[in-house]
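A.B. asks: Take a look at the following structure, please.
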Amino acid sequence: MNYSGIIAVGMFVNMVSSVSTFAATAPGAIRLGNMEPKFTLADCHNEDDSGYQEGSLGISPNSPFDGGAVIVLANCHTERANNPHATDHGTVSITDALALAERLCRQVPDGYKIDCLAVQYAAIARWLPKGGDYGVVYDVLNKASEDLHQVAKDNRDRYNEKKDFTVQLDGRRKSVGKPIHSIRPGAQASANVAAIQIIQEAQTVLLRSTENSSRRQVHYQRIATAIDSNKVLLRS
Amino acid sequence: MSDYQYIGTLKNTVNDARVISQTLDGIGFKVTTLLDAPHDELRKTIDEFSFESETADLALIYFAGHGVEVQGENFLVPVDANAKSNKDIQRYSVSLKDFMKSVDRARKMRIVILDSCRNNPFGDALDTTQSNQTTTDSSSTATRGGGNGLAPASPDRGTLVAFAARDGEVALDGVGNNSPFATALADKLSQPGLEISLMFRQIRDQVLTETRNLQEPHTYGSLSGTPFFLAGPTETQLTAQIDDRSSAWSELRPSQEQQLAVLARGGDTRSMLGLAYIRLNPEEARYDPAEAVKLLQEAARAGSAEAQFELAKLYETGIGMEQDQNLALDFYQQSADQDFADAINDLGFMYYQGGLGLTSNPQKALTFFARAADLRHPQAMFNFAALIDDGLVADKGPSDAAGYLYDALRSGNQDVLDLLSERPNMFKAPTRRALQSKLQEHSFYTGTIDGDFGPGTQRGIRKAYGLDN
Chain Z
1 MNYSGIIAVG MFVNMVSSVS TFAATAPGAI RLGNMEPKFT LADCHNEDDS GYQEGSLGIS
61 PNSPFDGGAV IVLANCHTER ANNPHATDHG TVSITDALAL AERLCRQVPD GYKIDCLAVQ
121 YAAIARWLPK GGDYGVVYDV LNKASEDLHQ VAKDNRDRYN EKKDFTVQLD GRRKSVGKPI
181 HSIRPGAQAS ANVAAIQIIQ EAQTVLLRST ENSSRRQVHY QRIATAIDSN KVLLRS
Chain W
1001 MSDYQYIGTL KNTVNDARVI SQTLDGIGFK VTTLLDAPHD ELRKTIDEFS FESETADLAL
1061 IYFAGHGVEV QGENFLVPVD ANAKSNKDIQ RYSVSLKDFM KSVDRARKMR IVILDSCRNN
1121 PFGDALDTTQ SNQTTTDSSS TATRGGGNGL APASPDRGTL VAFAARDGEV ALDGVGNNSP
1181 FATALADKLS QPGLEISLMF RQIRDQVLTE TRNLQEPHTY GSLSGTPFFL AGPTETQLTA
1241 QIDDRSSAWS ELRPSQEQQL AVLARGGDTR SMLGLAYIRL NPEEARYDPA EAVKLLQEAA
1301 RAGSAEAQFE LAKLYETGIG MEQDQNLALD FYQQSADQDF ADAINDLGFM YYQGGLGLTS
1361 NPQKALTFFA RAADLRHPQA MFNFAALIDD GLVADKGPSD AAGYLYDALR SGNQDVLDLL
1421 SERPNMFKAP TRRALQSKLQ EHSFYTGTID GDFGPGTQRG IRKAYGLDN
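If you read the sequences in order, they're chains Z and W.
With the numbering used here applied, the first sequence covers 1 to 236.
With the numbering used here applied, the second sequence covers 1001 to 1469.
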């Protein structure tokens, strides 16, 4: 936990080092609390929700499941890039997606957690605009995803094939989205350390991207807080 | 100052002080008025004002009385000054530097107005002849060698010094009850919706007209790009949301926007910035980021550090233009090279995290944070304190970290207040204890120095920030 001494991570440490005991609690629906669907990814794909991919993360008002929020993957770069400004709905959607990503990966076996998070971060980044206020978030999540995947790849267990997982999340079956690497047992500790550093760096970038006198300020802080943090540096 | 004991009295200066005091009071200022004060009282009041202005958005000093330039430095003369030499002036007067220092820590804007360059009251007793050697401003006039008027001022960025008459020239006392400058100032100060740079412009025009071009008020220093409406942006609205420059500039009335455009065409970079900010407000019908970029580029080319910083942010995010990390970095560096603290702090951030294509270099980042902190940049002071707390800064410890945190708090940064209130444990116990001691030292906290930020410490933090409870 000495990386730069700026960010101390609690959540991710637990995630990569503990055996998952998380269980579904709300059969029949995926809900984010009792919230109304917010910034919907349906905004950026077809009305019939055809952009939905099983096992992906996103929020849609068209969910057949009790009006709950279903996280959806879609490539929305074209549409999103036209809106350079952060919005409350957009930011809440990102923080919710990050929280769900963490919950999902908490449930895969320990050796697969790092690559699982790599996949989820990439999935969330895919529906963010590359520029504008969310450009920093896009960059941060993509970089974290690439770095985490590299750690998983460099330390992969050659005796354990890549594998997709389907877990129960709030009573609904969700898949990671694609086959992921398992870390070999002897490298788990060092891979965890590397992964923690990557997450810390992602948090650091987001938290330090906080800008006073700027509309981005509150959005970045909320997104960064969704990943958890201990110390903040402030931008101008 | 009017009733001078050893030099010529002035007819209108006390009247001027009264009318400006009443005007400021009327538009919501908390005013301290000092009339015919001797040196000790003037200096004591300045010291008190200095502490109080730390938590003010704007601090303003208006001085009407004798002022004199001695060897390039300006001195304001209290009523009991009996100067027979240059040294006496330094001993018995207050310098413009003292005034500027007194307002220096105000949060948003700092103004010193001198309605004082009326003549050299000490005659031949003072040696003012060296002033030509110490002043370099090309606008100095031929009258300077005679010892009249004041020397040009060189305030820091964000501080405005206004002279009733151009440096080297003499201001008129006025034939009525007030000086022409005080009359114009009182008139314009109380006008709602008048942005401050345009206000001083209009004062200048009014005084020139009233004095038939004999007296030309002049301002020195550069205001920040934050617009300021001293009497509120409109008749109904008392204060603008000055933290959001785009919104605040959008309060500008169309007639003033036209004046701003004229000034911008004449090369005034702050006016270019103002016009750009209006076009960066997505709530505005005038929203036009591409036009804003053009204005900022022009101001940046003319050397505006703030425009360079704003351009860097736009290139970083790709708002109004194609994203370009290299250009963003280039503009951040140009701005930082001019000691623009916002840019220095953000460069520290970039070097720390390895952003904008830079290789992460924490040690280099520290030098940026330290430099911006020395310029009293609130976020940089907080950041530097965080890194000290993490043990990353050689030769600095908890007491130093607490000092920076205290100053960041006093500077009125909401993020700093929120973080210290809600998440004090991001700092280690020794730093927290040192901050409690610092609060105690300034009478904001009377509890135990235990590093526990309970209700007492929280109250102290809010008081230091400038909140009553």
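Ideal Cβ placement from N, Cα and C applies to all residues, glycine included.
These numbers were taken from a predicted model, which means no experiment stands behind them.
Identify the contact partners of G132 of chain Z in chain W, using a Cβ-Cβ distance below 8 Å as the criterion.
C.D. replies: Translated into the one-based positions of the first sequence, residue 132 of chain Z becomes position 132. Near G132 of chain Z (Cβ distances below 8 Å), the residues of chain W are T1317, G1318, I1319.
A.B. asks: Can you tell me whether L1238 of chain W is buried or exposed, with buried defined as 16 or more other CB within 10 angstroms of its CB?
C.D. replies: Position 238 of the second sequence, counting from 1, holds the residue named residue 1238 of chain W. Residue placement at L1238 of chain W is poorly supported in this model, since its pLDDT is 43, which falls under 50; the coordinates still yield a value, given next. L1238 of chain W is classed as exposed because its beta carbon has fewer than 16 other beta carbons within 10 Å across all chains shown.
A.B. asks: Against chain W, which members of the region 179-198 of chain Z pass a CB distance test of less than 7 Å?
C.D. replies: none
A.B. asks: Please identify, using Cβ separations under 8 Å, the residues of the region 1346-1361 of chain W that lie next to chain Z, in order along the chain.
C.D. replies: D1346, F1349, Y1352, Q1353, G1355
A.B. asks: Determine, using beta carbons only, whether S236 of chain Z comes closer than 8 Å to chain W.
C.D. replies: Locating residue 236 of chain Z in the first sequence gives position 236, where the first residue counts as 1. Chain W, which has a Cβ nearer than 8 Å to the Cβ of S236 of chain Z, makes this yes.
A.B. asks: N1326 of chain W touches chain Z at which residues, Cβ-Cβ below 7 Å?
C.D. replies: As a position in the second sequence, residue 1326 of chain W is number 326, starting the count at 1. Neighbourhood of N1326 of chain W in chain Z, by CB distance below 7 Å: empty, with the nearest CB roughly 15 Å away.
A.B. asks: With a threshold of 8 Å between beta-carbons, can H89 of chain Z be considered close to chain W, or not?
C.D. replies: Position 89 of the first sequence, counting from 1, holds the residue named residue 89 of chain Z. Taking Cβ atoms only, chain W never reaches closer than 8 Å to H89 of chain Z, which makes this a no.
A.B. asks: Using three-state DSSP, classify E1310 of chain W as helix, strand or coil.
C.D. replies: Translated into positions along the second sequence, residue 1310 of chain W becomes position 310. Residue state, collapsed to three classes: helix.
A.B. asks: Where do the N-terminal and C-terminal ends of the alpha helix (DSSP H) with E1069 of chain W fall, by residue?
C.D. replies: Taking the first residue of the second sequence as 1, we reach residue 1069 of chain W at position 69. Taken as a continuous stretch (DSSP letters only), E1069 of chain W belongs to no alpha helix (DSSP H), being part of the beta strand (DSSP E) at 1067-1070.
A.B. asks: Straight-line CA distance for Q53 of chain Z to E146 of chain Z?
C.D. replies: Translated into positions along the first sequence, residue 53 of chain Z becomes position 53. Translated into positions along the first sequence, residue 146 of chain Z becomes position 146. Residue placement at Q53 of chain Z cannot be trusted, given a pLDDT of 35 that sits under 50; what the coordinates show is reported in the next sentence. Looking at the two C-alpha atoms, the distance is approximately 21 Å.
A.B. asks: When the cut-off is 8 Å and only beta carbons count, does F1382 of chain W lie next to chain Z?
C.D. replies: Within the second sequence, residue 1382 of chain W is the residue found at index 382, counting from 1. At least one chain Z Cβ lies under 8 Å of F1382 of chain W.
A.B. asks: Could you check the C-alpha separation between P948 of chain W and N1086 of chain W for me, to the nearest Å?
C.D. replies: No answer is possible for residue 948 of chain W: it lies beyond the span of chain W, which begins at 1001 and ends at 1469.
A.B. asks: Can you give me the Cβ contacts of G1412 of chain W inside the same chain, cut-off strictly under 6 Å, excluding the 5 residues immediately before and after it?
C.D. replies: Walking along the second sequence from the start, residue 1412 of chain W turns up at place 412. Excluding positions up to five away in sequence, the list reads R1107.
A.B. asks: Would a C-beta distance cut-off of 8 Å place V1068 of chain W and P1155 of chain W closer than the cut-off?
C.D. replies: Here residue 1068 of chain W corresponds to residue number 68 of the second sequence, with the count starting at 1. Here residue 1155 of chain W corresponds to residue number 155 of the second sequence, with the count starting at 1. Result no, Cβ atoms of V1068 of chain W and P1155 of chain W do not sit closer than 8 Å.
A.B. asks: Note down, in chain order, each residue of its chain lying with its Cβ closer than 7 Å to the Cβ of M942 of chain W, except the 5 sequence neighbours on either side.
C.D. replies: Residue 942 of chain W lies beyond the stretch modelled for chain W, which goes from 1001 to 1469, so this question has no answer here.
A.B. asks: Using 8 Å as the threshold, is the region 1375-1391 of chain W in touch with the region 1073-1083 of chain W, meaning 3 or more CB pairs across them?
C.D. replies: no
A.B. asks: Could you have a look at R1039 of chain W and say whether DSSP puts it in helix, strand or coil?
C.D. replies: Locating residue 1039 of chain W in the second sequence gives position 39, counting from the first residue. It is His, not Arg, that sits at residue 1039 of chain W in the sequence shown. DSSP places H1039 of chain W in helix when its eight states are reduced to three.
A.B. asks: Closest Cβ-Cβ distance between Q1259 of chain W and chain Z: below 8 Å?
C.D. replies: In the second sequence, counting from the first residue as 1, residue 1259 of chain W sits at position 259. By this cut-off, Q1259 of chain W is not an interface position.
A.B. asks: Which residues in the same chain have their Cβ closer than 6 Å to the Cβ of S1224 of chain W, if we skip the five residues on either side of it in sequence?
C.D. replies: Here residue 1224 of chain W refers to the residue found at position 224 when the second sequence is read from its first residue. So the list reads G1158, once near-sequence residues are dropped.
A.B. asks: Could you give the distance in angstroms between the alpha-carbon of F1051 of chain W and the alpha-carbon of S1102 of chain W?
C.D. replies: In the second sequence, counting from the first residue as 1, residue 1051 of chain W sits at position 51. In the second sequence, counting from the first residue as 1, residue 1102 of chain W sits at position 102. In a straight line, the C-alpha of F1051 of chain W is about 8 Å away from that of S1102 of chain W.
A.B. asks: According to DSSP, simplified to helix, strand and coil, what is Q1215 of chain W?
C.D. replies: Here the question's residue 1215 of chain W lines up with position 215 in the second sequence. Coil at Q1215 of chain W, not helix or strand.
A.B. asks: By alpha-carbon positions, which one of W:Q1323, W:L1280, W:P1289, W:Y1332 ends up nearest to G1303 of chain W?
C.D. replies: The count along the second sequence starts at 1 and reaches residue 1303 of chain W at position 303. That would be W:Y1332, whose Cα lies nearest to the Cα of G1303 of chain W.
A.B. asks: Check the Cβ of Q1323 of chain W against every Cβ in chain Z and list those closer than 8 Å, keeping chain order.
C.D. replies: Reading the second sequence from its first residue, position 323 is the one you call residue 1323 of chain W. Correct list: K130, G131, G135.
A.B. asks: Using alpha carbons as the reference points, say which of W:D1337, W:N1281, W:Q1323, W:R1270 lies closest to A1307 of chain W.
C.D. replies: Your numbering for residue 1307 of chain W matches position 307 in the second sequence. Each of W:D1337, W:N1281, W:Q1323, W:R1270 was checked against the Cα of A1307 of chain W, and the nearest Cα belongs to W:R1270.
A.B. asks: Would a check of beta-carbon distances place V205 of chain Z closer than 8 Å to chain W?
C.D. replies: Taking the first sequence and counting its residues from 1, the one referred to as residue 205 of chain Z is at position 205. Judged by the 8 Å Cβ criterion, V205 of chain Z is in contact with chain W.
A.B. asks: Quick one: give me the first and last residue of the alpha helix (DSSP H) that V1393 of chain W is part of.
C.D. replies: Translated into positions along the second sequence, residue 1393 of chain W becomes position 393. Segment: none, V1393 of chain W is in no alpha helix (DSSP H) and carries neither H nor E.
A.B. asks: DSSP three-state call for R235 of chain Z: helix, strand or coil?
C.D. replies: Here residue 235 of chain Z is taken as the residue at index 235 of the first sequence, counted from 1. The answer is strand: DSSP assigns R235 of chain Z an E or B state.
A.B. asks: Who are the near neighbours of H1066 of chain W in its chain, counting only those whose CB is closer than 6 Å to its CB and skipping five residues on each side?
C.D. replies: Sequence index remark: in the second sequence, residue 1066 of chain W carries index 66 (1-based). Answer for H1066 of chain W: V1077, P1121, listed in chain order.
A.B. asks: Do D1395 of chain W and T1431 of chain W count as a contact pair if the criterion is CB distance below 8 Å?
C.D. replies: By one-based count along the second sequence, residue 1431 of chain W stands at place 431. By one-based count along the second sequence, residue 1395 of chain W stands at place 395. No; because the gap between Cβ atoms is not below 8 Å, this pair is not in contact.
A.B. asks: Helix, strand or coil: how does DSSP classify S1246 of chain W here?
C.D. replies: Here residue 1246 of chain W refers to the residue found at position 246 when the second sequence is read from its first residue. If DSSP states are grouped into helix, strand and coil, S1246 of chain W belongs with the helices.
A.B. asks: Label K113 of chain Z either buried or exposed according to how many other C-beta atoms from any shown protein chain fall within 10 Å of its C-beta, with 16 as the threshold for buried.
C.D. replies: Counting from one through the first sequence, the residue named residue 113 of chain Z turns up at place 113. Label assigned to K113 of chain Z: buried.
A.B. asks: According to DSSP, is G1008 of chain W helix, strand or coil?
C.D. replies: Residue mapping note: residue 1008 of chain W aligns to position 8 of the second sequence, counting from 1. Here G1008 of chain W sits in coil by DSSP.
A.B. asks: D1452 of chain W versus chain Z: which residues are under 9 Å apart at the beta carbon?
C.D. replies: Looking up residue 1452 of chain W in the second sequence gives position 452. None at all; the shortest Cβ gap to chain Z is about 18 Å.
A.B. asks: Do H181 of chain Z and A152 of chain Z have their C-beta atoms closer together than 8 Å?
C.D. replies: By one-based count along the first sequence, residue 181 of chain Z stands at place 181. By one-based count along the first sequence, residue 152 of chain Z stands at place 152. A contact, by the Cβ cut-off of 8 Å.
A.B. asks: From the DSSP output, which residues share a beta bridge with I180 of chain Z?
C.D. replies: Within the first sequence, numbered from 1, the residue matching residue 180 of chain Z stands at position 180. DSSP lists Z:K163 as partners of I180 of chain Z.
A.B. asks: Give a yes or no on contact between the region 1206-1213 of chain W and the region 1177-1184 of chain W, applying the rule of three or more CB pairs nearer than 8 Å.
C.D. replies: yes
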